[in-house]
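Number of protein chains: 2
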Amino acid sequence: MNELLVRQVPTQSRREHVVEILREAITSGQLPPGHRLIEVELAKQLGTSRAPLREALRQLEQEGLTRSYPYRGSEVLGVSQEEVEHVLVPIRITLERFAFVKALPRLNGDDLAELQRLVTVMETAAREGATEELADADIAFHELVIVRSDQTHCLQMWRTIQPRVRAYFRRDAPAHDDPMAVPRQHQELLDALVAGREPDLLRVVEQHIHTHLDAPRLDGPDDQQNPPDAR
Amino acid sequence: MNELLVRQVPTQSRREHVVEILREAITSGQLPPGHRLIEVELAKQLGTSRAPLREALRQLEQEGLTRSYPYRGSEVLGVSQEEVEHVLVPIRITLERFAFVKALPRLNGDDLAELQRLVTVMETAAREGATEELADADIAFHELVIVRSDQTHCLQMWRTIQPRVRAYFRRDAPAHDDPMAVPRQHQELLDALVAGREPDLLRVVEQHIHTHLDAPRLDGPDDQQNPPDAR
DNA sequence: CGCCAATCGACTGTCGACAATCGACTGATG
DNA sequence: CATCAGTCGATTGTCGACAGTCGATTGGCG
Chain A
151 MNELLVRQVP
161 TQSRREHVVE
171 ILREAITSGQ
181 LPPGHRLIEV
191 ELAKQLGTSR
201 APLREALRQL
211 EQEGLTRSYP
221 YRGSEVLGVS
231 QEEVEHVLVP
241 IRITLERFAF
251 VKALPRLNGD
261 DLAELQRLVT
271 VMETAAREGA
281 TEELADADIA
291 FHELVIVRSD
301 QTHCLQMWRT
311 IQPRVRAYFR
321 RDAPAHDDPM
331 AVPRQHQELL
341 DALVAGREPD
351 LLRVVEQHIH
361 THLDAPRLDG
371 PDDQQNPPDA
381 R
Chain B
151 MNELLVRQVP
161 TQSRREHVVE
171 ILREAITSGQ
181 LPPGHRLIEV
191 ELAKQLGTSR
201 APLREALRQL
211 EQEGLTRSYP
221 YRGSEVLGVS
231 QEEVEHVLVP
241 IRITLERFAF
251 VKALPRLNGD
261 DLAELQRLVT
271 VMETAAREGA
281 TEELADADIA
291 FHELVIVRSD
301 QTHCLQMWRT
311 IQPRVRAYFR
321 RDAPAHDDPM
331 AVPRQHQELL
341 DALVAGREPD
351 LLRVVEQHIH
361 THLDAPRLDG
371 PDDQQNPPDA
381 R
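Taken in order, these protein sequences are the chains called A and B.
Numbered according to the working numbering, the first sequence spans residues 151 to 381.
Numbered according to the working numbering, the second sequence spans residues 151 to 381.
1. Please name the residue in A/Glu356, A/Met330, A/Pro329 whose C-alpha comes closest to that of A/Leu339.
2. Would you grab the beta carbon distance between B/Pro202 and B/Val168 for me? Rounded to a whole angstrom, and I think it's under 8 Å.
3. Rounded to the nearest angstrom, how far is the Cβ of B/Gln212 from that of A/Thr310, given a contact under 8 Å?
4. Could you tell me which whole beta strand (DSSP E) segments of length 3 or greater appear in the region 272-307 of chain A?
5. B/Val344 to B/Ala287, Cα distance in whole Å?
6. Can you check whether the CB of A/Arg256 is closer than 8 Å to the CB of A/Arg298?
7. Check whether chain B comes within 8 Å of A/Val229, counting only Cβ atoms and requiring the distance to be less than that.
8. Which residues in chain B have a C-beta closer than 8 Å to the C-beta of A/Ser224? List them in chain order.
9. Where does B/Gly223 sit, in a helix, a strand or coil, going by DSSP?
10. Report the neighbours of B/Ser144 on chain A: residues whose CB is nearer than 7 Å to its CB, in chain order.
11. Taking only runs of the alpha helix (DSSP H) that begin and end inside the region 239-263 of chain B, which ones reach a length of at least 4 residues, in chain order?
12. B/Val226 and B/Leu215: beta carbons closer than 8 Å?
13. Taking all protein chains shown into account, decide if A/Thr161 is buried (16 or more other Cβ within 10 angstroms of its Cβ) or exposed.
14. State the start and end residues of the unbroken alpha helix (DSSP H) segment that holds A/Arg347.
15. How close, in whole Å, do the beta carbons of B/Cys304 and B/Leu245 come, if the pair is a contact with beta carbons under 8 Å?
16. Please look up how many angstroms separate the CB atoms of A/Arg173 and A/Leu210, rounded, as I've assumed it's under 8 Å.
17. Straight-line CA distance for A/Gln266 to B/Arg186?
18. Show which residues of chain A have a CB atom less than 7 Å away from the CB atom of B/Gly214.
19. Is B/Ser199 helix, strand or coil when you go by DSSP?
20. Please identify the residue among A/Ser178, A/Leu196, A/Glu235 whose C-alpha is closest to the C-alpha of A/Ala285.
21. Please return the same chain residues whose Cβ sits closer than 7 Å to the Cβ of B/Glu189, not counting the five positions on each side in sequence.
22. Could you pull out every residue in the same chain whose Cβ sits closer than 6 Å to the Cβ of B/Ala253, ignoring the five residues on either side in sequence?
23. What residues from the region 196-212 of chain A come within 7 Å of chain B, judged by C-beta to C-beta, listed N to C?
24. Give the residues of chain B in contact with A/Val237, contact being defined as C-beta atoms less than 8 Å apart.
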């Protein structure tokens, strides 16, 4: 009966589970930049052996959330505003400009309904100041479109940069001003998808992502890390 | 005495070693798209246990070269011309536009000399039709600049996309026309770096990367993979 | 007192064995 | 003859133990 619920979690491997937990801990700031990650310690805390944990660390490293030094362990990385603004966000635009157009003919009624639902979630979250849920719905919206675009590498790249962008906005970015702008803009995106006119869609996509950056303009710190002991 | 030579290779972990071998095999086409990767088999061939091999597979997966399905193994992925052209190369431009400017004040005499040496290598390779070495020098040139830019995430992203771009040009792209264009263009890049005028540099960077794509314009096949058994 | 080599503790890197899962095959059953 | 539960071989997921490496500490020596 509750088979479905039971399957939900154990279906994912311990490795995936560990990745999600650590990613959440890092993007939320619970594990701050510079924090050292010790395998045996983490494995004990998470109730696994080191094998899946190490694979998880490799994945996080490829996502740019951590960095490891041979025989000397891993540490949590930070992201500078400069790199978010000039590297990660422009990459996001590139991805989405491509993916949204590809997704256009592939979105069915259910997808559009789900997107509309996510916009509603954003509205509620924005009104109630639930920053967490607002960001989650935001990401879910974009990810659904990219998944539907069915472009393998596009999705792979999105998953690679998305955690860092998220980490930046949750940890490092100055809180931005108008939460209601988020659902409003996504409604525009959705409308453009429903209407299905490509040029309009592209215009809205670019506009949308830039907005994230026009608000917090402070020329923040350039927090590059140095290895604990550069050899 | 030959300590240095002996240290050179064993210094890298088996995992890194395995990554390099598999990456080379995949980008060269020796392991073609669709090829199934079986852990015990590879481990035996490479003379390691499965632990480092699995970590290597995780890394290759994050680089978009392979894809894995729970309990059913990994397979080699292909890249469509469309994704290279509209996703990977635009991302490369984004990265390099940022990194070249950052590297500008950080390049010392040795770096510039090394870059010049690489251009010379390209010239020789181009004249002799040594496609392999031409591509290697090309990549080494760009990687050196990005390393010197000292932008963690920029370098990380470069390493993530570079193998796929390389795989595309080695495996899937129609052979392009004029090999001598490669050293010539890199000489231009280098000259712009030496001169140190930012706007010129940016112009040359964009021009450079687009060239790769203007040659083989065939609107090639869209070789997306499907999972062996989509569940 | 300052310097260098041996030692030590805390980790990471690697291995071989065992458990869990998948898809194909098999054979009973209507 | 088609269908479906049960079984089996192949392969991945996980574990605990051992080996290797690094940086810090210690202790001898000039």
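Where a beta carbon is used, it is the ideal one built from N, C-alpha and C, also for glycine.
The structure says:
1. A/Glu356
2. 6 Å
3. 7 Å
4. none
5. Separation of B/Val344 and B/Ala287 (C-alpha to C-alpha, rounded to the nearest whole angstrom) is 19 Å.
6. yes
7. yes
8. Those do not exist, as A/Ser224 stays about 13 Å from chain B at its closest Cβ, beyond 8 Å.
9. Look at B/Gly223 here: in three-state DSSP terms it is strand.
10. The structure shown has nothing for residue 144 of chain B, since chain B only spans 151 to 381.
11. 239-253
12. yes
13. exposed
14. Counting along the chain, A/Arg347 falls outside any alpha helix (DSSP H), and DSSP gives it neither H nor E.
15. 5 Å
16. 7 Å
17. 40 Å
18. Below the 7 Å Cβ cutoff, chain A contributes His303, Gln306 as neighbours of B/Gly214, in chain order.
19. coil
20. A/Ser178
21. Arg200, Leu203, Arg204
22. Val295, Arg298, Ser299
23. Ala201, Arg204, Glu205, Arg208, Gln209, Gln212
24. Thr244, Leu245, Phe248, Gln301, His303, Cys304, Met307
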